[in-house]
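The structure appears below as structure tokens.
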Amino acid sequence: MTNLTELLRCLRRAAPTRYGEIPFNPEIEWNDSLTALLSHRSIRSYLSDPLPPGTLELLIAAAQSASTSSNLQTWSVVAVEDQERKEELSKLAGNQAHIKQVPLFLVWLADLVRLNYVADSRSISHDALEYLEMFVMATIDASLAAQNATVAAESLGLGTVYIGGIRNHPQEVAEILNLPSSVYAVFGLCIGYPNPEVEAAIKPRLPQSAVLHRETYKLAEQEEAIAHYNDIIKEFYTEQKMNVPGDWSEHSAQRIATVESLRGRDRLREVLNHLGFKLL
């Protein structure tokens with residue numbers, strides 16, 4: 014089978030639903046990693062089957078292979094397998110049932126307490142930890158690590174879905190996970206075997222012309238791409254029987270229309286201060 018044939022087979026499955034077309038050179042050599050990446054979908058229904066022994070450690074090895082700023086490794090992760098704890102976290106994240114279903118729920122953390130400890134052990138000050146840059150660095154580190162783990166999990170035939178709702182109640186999450194000062198939960202990640210009876214579709218994304226800018230940013234040129242995407246995603250919502258009113262622009266605008274749409278996260282700075290992040 015030629016690379017082109019393999020590419021087209023994958024793209025019949027993935028690209029038409031992601032873009033509606035093939036937006037890149039089909040003669041580029043294809044591989045399994047590209048197939049996996051383009052076929053990503055969020056899984057929200059899982060079997061209760063346990064993961065094979067050693068799976069967690071393999072996923073963390075993949076996570077630790079991600080880039081980390083200045084090798085400071087300002088992230089950690091809490092692996093939650095206890096059913097009662099998963100149920101508590103599910104309630105805090107908006108009663109999302111899949112958190113209770115999965116055998117493994119990972120809570121990814123921006124972690125500055127480890128650097129605090131290391132500096133104290135060498136009698137070195139750590140004033141820089143109080144600044145916004147370090148908070149941003151830790152959040153980015155956690156995100157990069159989690160994405161590596163996600164790709165690794167999907168390569169093993171597992172399903173995943175990120176849980177941003179874990180930030181709805183960061184103080185309560187910190188208490189449940191016994192997080193020390195200067196550590197906060199960035200998001201959660203469900204990992205398990207997808208329920209074969211519930212088909213998960215590949216969600217379309219904005220055309221590349223909306224997100225890819227060459228040399229300089231061009232806001233005005235996105236109008237046509239956004240209008241095209243509105244038609245595509247509205248059809249997707251209908252096909253998937255998703256209760257989402259209007260199109261992408263309507264849905265997105267409503268999500269930022271009021272403070273209430275932040276679902277309690279408008280207090281995030283205040284809570285982060287309480288959790289030990291000064292954000293100077």
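For the sequence shown, position 17 (counting from the first letter as 1) is numbered 30 according to our numbering, and the numbering increases by one without interruption. Cβ coordinates follow ideal geometry from the N, Cα and C atoms, glycine included.
| Item | Value |
| --- | --- |
| Kindly say whether ASP140, judged by its beta-carbon, lies nearer than 7 Å to any beta-carbon of chain D. | As a matter of chain content, chain D is missing from the structure shown, which is built from one protein chain. |
| Could you tell me which of ALA166, GLU263, ILE189 sits nearest to ALA49, measuring between CA atoms? | ALA166 |
| What's the call for PRO116, buried or exposed, on a 16-neighbour Cβ count within 10 Å? | buried |
| At 3 residues or longer, and completely inside the segment 127–214: list those beta strand (DSSP E) runs for me, N to C. | 172–176, 196–205 |
| Could you please give me the residues that DSSP links to ASP124 through a beta bridge? | VAL196 |
| To the nearest angstrom, report how far apart GLY107 and ALA151 are at their CA atoms. | 25 Å |
| So, at 6 Å on beta carbons, what are the nonlocal neighbours of GLU210 in its own chain, with the 5 sequence-adjacent residues on each side left out? | none |
| What's the C-alpha gap between LEU202 and VAL196? | 17 Å |
| Let me make sure I understand the geometry here. Which of VAL91, PHE118, SER89, ALA92 has the alpha-carbon closest to that of SER103? | PHE118 |
| How many angstroms separate the CA atom of ARG57 from the CA atom of ASN84? | 34 Å |
| Ends of the alpha helix (DSSP H) at TRP261? | 261–268 |
| Locate the alpha helix (DSSP H) running through ALA75, then write down its first and last residues. | 68–77 |
| Using only CA atoms, which one of HIS111, GLN160, SER136, GLU40 lies nearest to ALA76? | GLN160 |
| Could you spell out where the beta strand (DSSP E) holding ALA92 opens and where it closes? | 88–93 |
| For LEU308, does the three-state DSSP call read helix, strand or coil? | Residue 308 falls outside the range modelled here, since the chain spans only 14 to 293, and no answer is possible. |
| Starting from the C-beta of ILE246, find all residues in its chain whose C-beta is less than 7 Å away, skip the five residues before and the five after it, and write them out in chain order. | PRO217, ASP260, TRP261 |
| First and last residue of the alpha helix (DSSP H) that includes ASN243? | 236–252 |
| Taking its Cβ as the centre, do 16 or more other Cβ atoms sit within 10 Å of THR87, making it buried, or is it exposed? | buried |
| Please determine, among MET255, VAL284, ASP95, SER222, the residue with the shortest C-alpha to C-alpha distance to TYR236. | Note that residue 236 corresponds to Glu in the displayed sequence, not to Tyr. Among MET255, VAL284, ASP95, SER222, the Cα nearest to that of GLU236 is on SER222. |
| Can you find the residues in the same chain that come closer than 6 Å, C-beta to C-beta, to HIS264, ignoring five residues on each side of it along the sequence? | VAL257 |
| Grab me the residues of LEU171's own chain with a C-beta within less than 6 Å of its C-beta, minus the 5 sequence neighbours each way, in chain order. | ILE204 |
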